[in-house]
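**Student:** One structure is given below, represented as structure tokens, and several questions about it will come after.
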Amino acid sequence: MSDENKKCTVCGQKLDEGFLLDFGYGNQYPTRWIKGPPEKTYLGMVAWSDRENVGVRAFKCVICGHIELYGDAEPWRTKKI
Ligand SMILES: [Zn+2]
Numbered sequence: 047m048s049d050e051n052k053k054c055t056v057c058g059q060k061l062d063e064g065f066l067l068d069f070g071y072g073n074q075y076p077t078r079w080i081k082g083p084p085e086k087t088y089l090g091m092v093a094w095s096d097r098e099n100v101g102v103r104a105f106k107c108v109i110c111g112h113i114e115l116y117g118d119a120e121p122w123r124t125k126k127i
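Numbering (this note's numbering), first residue to last: 47 to 127.
Okay, here's the thing in structure tokens:
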């Protein structure tokens, strides 16, 4: 389904594309979906780099605010400055 044809599954209205942002110490990245349940490394961080993972695209309904998430294998776009 193309992005233009995506409709809210609650009220059927238009969805605006966006993304979920993760904040870290000095870093901000779009959220990624990681396959499997969360596990800690021996340093207490989340283990993820050897797992299947994809970017997450978020679409918010312009009327009711419902947010729908889609996994996306496309790489990030680079903004030209
Ligand atoms: Zn809606």
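Each residue gets a CB set at the ideal place from its N, CA and C atoms; glycine is no exception.
What residue from Y88, G90, D96 has the CA that sits closest to G82's CA?
**Tutor:** Of the candidates Y88, G90, D96, the one whose C-alpha sits nearest the C-alpha of G82 is D96.
**Student:** Looking at the structure shown, is E114 part of a helix, part of a strand, or coil, going by DSSP?
**Tutor:** E114 falls in the strand class under three-state DSSP.
**Student:** Check whether the Cβ atoms of V108 and D49 lie closer than 7 Å to each other.
**Tutor:** The answer is no: Cβ separation not under 7 Å.
**Student:** Taking the straight line between their C-alpha atoms, what separation do you get for K52 and K60?
**Tutor:** So the two alpha carbons sit approximately 7 Å from each other.
**Student:** With a threshold of 6 Å (Cβ to nearest heavy atom), would I80 be considered close to ligand 1?
**Tutor:** No, the beta carbon of I80 sits no closer than 6 Å to any heavy atom of ligand 1.
**Student:** Applying the criterion that 16 or more other CB atoms from any shown protein chain within 10 Å of the CB defines a buried residue, is C110 buried or exposed?
**Tutor:** Counting Cβ neighbours within 10 Å, C110 comes out exposed, since fewer than 16 surround it.
**Student:** Candidates P84, G58, F69, G70: which alpha carbon is nearest E98's?
**Tutor:** It is P84 whose Cα lies nearest to the Cα of E98.
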